[in-house]
Amino acid sequence: MSSQVPKIAKYGVMIIFMIFFLQMKPVLAANHSINKFGIHLAQPQDEDIDRADILVNGADGQWGYITLVIHEDDKNRDKWQPIFDKLRDRGLVPIIRLATSPEGENWKRPEEGDADEWVAFLNSLHWVVKNRYIILFNEPNHASEWGGEVDPKSFARVNEAFARKLKEADDDFFVMMGGMDASAPQSRPRYMYEKVFLEEVVGEIGVDDFNELFDGLSSHSYPNPNFAGSPHSSGRGTVKTYEWELSLLSSLGIKALPVFITETGWNGDVLSRTQIAENFQYVFQNVWIPDERVIAVTPFVLNYQGEPFLKFSWVKEGNGGVYPEYEMVRDMEKRDGNPEIRQDGSFDMTDFPHDIVEQSTYHLRVDVTNNGQAIWSRENGYGFMLENVEPSQYLISSFGEIKPFETRTIDIYFSTLDVLGTFNSRIVLYRNEDMVISSSHWDYEVVSLPSLLYKISLFPKRTATDSDFELQIYNQHEELVFRKGGLQVVDGQGSIEKVDNIALGQKYRVVLLKKQYLPRQTYADFKKGENEVVFEPMIPLDFDGDGAVGWGDIGAVLKNLRLLGMWMI
376 MSSQVPKIAK YGVMIIFMIF FLQMKPVLAA NHSINKFGIH LAQPQDEDID RADILVNGAD
436 GQWGYITLVI HEDDKNRDKW QPIFDKLRDR GLVPIIRLAT SPEGENWKRP EEGDADEWVA
496 FLNSLHWVVK NRYIILFNEP NHASEWGGEV DPKSFARVNE AFARKLKEAD DDFFVMMGGM
556 DASAPQSRPR YMYEKVFLEE VVGEIGVDDF NELFDGLSSH SYPNPNFAGS PHSSGRGTVK
616 TYEWELSLLS SLGIKALPVF ITETGWNGDV LSRTQIAENF QYVFQNVWIP DERVIAVTPF
676 VLNYQGEPFL KFSWVKEGNG GVYPEYEMVR DMEKRDGNPE IRQDGSFDMT DFPHDIVEQS
736 TYHLRVDVTN NGQAIWSREN GYGFMLENVE PSQYLISSFG EIKPFETRTI DIYFSTLDVL
796 GTFNSRIVLY RNEDMVISSS HWDYEVVSLP SLLYKISLFP KRTATDSDFE LQIYNQHEEL
856 VFRKGGLQVV DGQGSIEKVD NIALGQKYRV VLLKKQYLPR QTYADFKKGE NEVVFEPMIP
916 LDFDGDGAVG WGDIGAVLKN LRLLGMWMI
């Protein structure tokens with residue numbers, strides 16, 4: 376919830392301070408605010424998720440809320456995980472209401488024993504944010520929603536069983552009882568007055584257990600009568616129904632619960648759509664957004680193409696356009712919500728060297744795996760850095776997007792200075808300058824540049840004294856890391872005083888080149904100080920300079936017969 380603005384003190388110095396503080400408020404709000412806008416979806420179709428994103432996040436906001444219903448015969452992870460992943464892509468927080476299935480004119484009454492199967496399914500999903508918002512069924516003070524007869528004690532037992540199972544499975548489950556119809560009369564067995572219903576529910580569960588098991592209030596704050604009430608009204612059966620519900624629960628000993636208005640809206644058959652749009656504008660700006668007890672508002676319903684809920688739909692019949700309330704809410708200012716997101720990941724630094732040399736550059740590769748909930752991208756404020764290393768010493772490649780359970784290879788180009796000694800670093804994933812996760816520590820030592828003595832003969836001679844040799848060194852990824860030409864060989868050996876860009880103890884491919892001779896190669900593990908490699912004799916057969924023996928070499932000899940003299944001792 377957004378932080379409270381301190382009261383202005385009476386003293387002049389404090390007034391000046393507070394004026395400065397208030398000027399800074401937009402920055403603080405950006406860091407600690409929530410996006411309360413949301414919408415209720417009848418079906419999680421791609422088109423409606425896209426519409427919802429535009430509606431609740433707008434151009435500048437993020438992490439608005441979406442209420443979705445999952446039926447007991449639709450517990451299909453292969454269906455719902457891609458939906459959750461799309462919500463993650465769009466920056467939408469799901470609120471999931473559980474539902475049974477129709478039995479004639481009623482909804483089947485759930486049983487306590489149903490909890491295990493539900494929990495197994497819900498726990499199998501990779502959730503979008505840390506809080507796993509769950510609503511347990513719907514308007515149980517209607518007989519049609521509870522197997523044909525209202526039964527608060529049965530509802531209490533089922534809700535308690537589900538809540539316990541969910542909490543045992545994962546503390547991140549944020550459990551709410553099904554929203555009530557606050558306008559329902561006391562007329563058992565068809566209806567129960569919400570006050571009487573909740574009194575029996577709390578009595579059955581017990582105050583202490585209720586406070587332990589339930590985390591929020593799912594409120595159906597509809598403007599009645601006939602879903603056409605004034606946005607200025609307050610109390611039960613209005614857009615402020617949640618206030619009456621909170622007061623009722625408090626009188627029963629229940630803690631102050633954060634409010635999720637998961638259903639509300641006006642009747643489009645009674646009021647004009649323009650009036651409905653104006654009502655929503657007023658109540659968002661003057662009631663719900665200023666009220667810090669309200670976390671989210673998801674009006675019912677974005678798109679419903681038939682009776683009995685067509686009159687509540689924000690999308691026109693025939694799916695051909697949207698009503699003014701959609702446009703009004705879409706154009707309202709949105710905040711960038713900041714829900715808590717679980718961050719986890721790993722860094723595979725198996726190939727990072729321990730002993731490296733001064734004044735050198737290294738291409739390091741690290742496999743980064745995202746095991747958390749966030750999408751890591753620069754657009755979302757994420758980046759990588761090397762801790763305890765000057766920014767001028769390294770460059771990290773772009774990494775696009777790394778979604779949950781994806782692995783991406785990050786390239787790090789790292790340079791040493793002329794300072795010798797032991798050092799310590801690690802890779803840090805940060806977001807907006809705050810560390811998110813880090814790798815294990817990389818301990819490395821920078822040592823002096825080693826030397827290399829190489830030995831070679833030129834066939835058919837037993838020893839060689841010549842010039843214009845070139846030596847190349849390739850790392851395990853076949854990248855050229857060292858190259859030096861114009862080398863001299865005297866009596867079959869030459870030397871390079873300083874070899875850079877190599878890591879000690881790792882295998883390198885060393886290649887020796889000379890014009891008109893076939894290349895020779897060997898392998899070397901470099902160590903501190905002096906190193907030595909011995910090449911097989913170089914044979915003069917590469918007359919066309921392509922590095923291999925072929926018909927082109929014969930053609931080159933025919934054009935220049937003096938090349939045959941290279942075979943004379």
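Under the working numbering, the letters of the sequence shown match residues 376 to 944, in that order.
No residue lacks a Cβ here, since even glycine has one placed at the ideal position from N, Cα and C.
When Cβ pairs closer than 8 Å are counted between the two stretches, the stretch 662 to 669 is seen not to touch the stretch 692 to 699, the count staying below three.
Contact holds between the stretch 626 to 639 and the stretch 583 to 596, because three or more Cβ pairs, one in each stretch, are under 8 Å apart. Its Cα nearest to that of Leu-855, the residue Asn-876 stands out among Gly-523, Gly-869, Phe-572, Asn-876.
Between Ile-670 and Lys-411, the gap from beta carbon to beta carbon is short of 8 Å. At least 8 Å separates the beta-carbon of Ala-544 from that of Val-468.
Counting of Cβ neighbours within 10 angstroms places Leu-828 among the exposed residues, the total staying below 16. Its Cα nearest to that of Asp-453, the residue Phe-496 stands out among Asp-428, Phe-496, Ile-831. The way I'd put it, the stretch 705 to 721 does touch the stretch 733 to 750; three or more beta-carbon pairs between them come closer than 8 Å. Per DSSP, the beta bridge partners of Ser-826 are Glu-905.
Residue environment for Phe-844: buried (at least 16 other C-beta atoms within 10 angstroms of its C-beta). Looking from the CA of Ala-923, the closest CA among Asn-935, Leu-893, Gly-904, Lys-903 belongs to Leu-893. A distance below 8 Å separates the beta carbons of Arg-801 and Ser-814. Bounds of any alpha helix (DSSP H) do not take in Asp-547, whose DSSP letter is neither H nor E.
Beta-bridge partners of Phe-722 (DSSP): Val-743. The beta carbon of Phe-684 sits closer than 7 Å to the beta carbons of Val-676 from its chain, once the five residues preceding and following it are set aside; these are given in chain order. In the assembly as shown, Asn-432 is a buried residue. Its beta-carbon has 16 or more other beta-carbons within 10 Å.
Note: Met-810 is bridge-paired with Tyr-805 in the DSSP secondary-structure output. As DSSP reads the structure, Pro-469 sits in a beta bridge with Ile-441. The residue from Asn-807, Val-658, Pro-825, Met-810 with its alpha-carbon nearest to that of Ser-735 is Pro-825. Between the alpha carbons of Asn-601 and Ser-608 lies a distance of about 14 Å. Ala-427: member of the alpha helix (DSSP H) spanning 421 to 432, first to last residue. As computed with DSSP, Gly-796 is found in a beta bridge with Val-821.
Within the same chain, Cβ atoms closer than 7 Å to the Cβ of Leu-500 are found at Arg-452, Trp-455, Gln-456, Phe-459, the five residues on either side in sequence being excluded. A check of alpha carbon separations from Lys-778 across Glu-765, Gly-610, Arg-463, Leu-621 identifies Arg-463 as the nearest. Taking C-beta atoms as the reference points, Trp-438 and Gly-712 count as a pair closer than 8 Å. Straight through space, the alpha carbons of Ile-409 and Val-550 are spaced by roughly 19 Å. When DSSP states are grouped into helix, strand and coil, Lys-505 belongs to the coil group. Taking C-alpha positions only, Glu-569 is separated from Gly-643 by approximately 26 Å. Looking only at Gly-553, Phe-537, Lys-686, the smallest Cα-Cα distance to His-517 is reached by Gly-553.
In this structure Phe-901 is buried. Its beta-carbon is surrounded by 16 or more other beta-carbon atoms within 10 angstroms.
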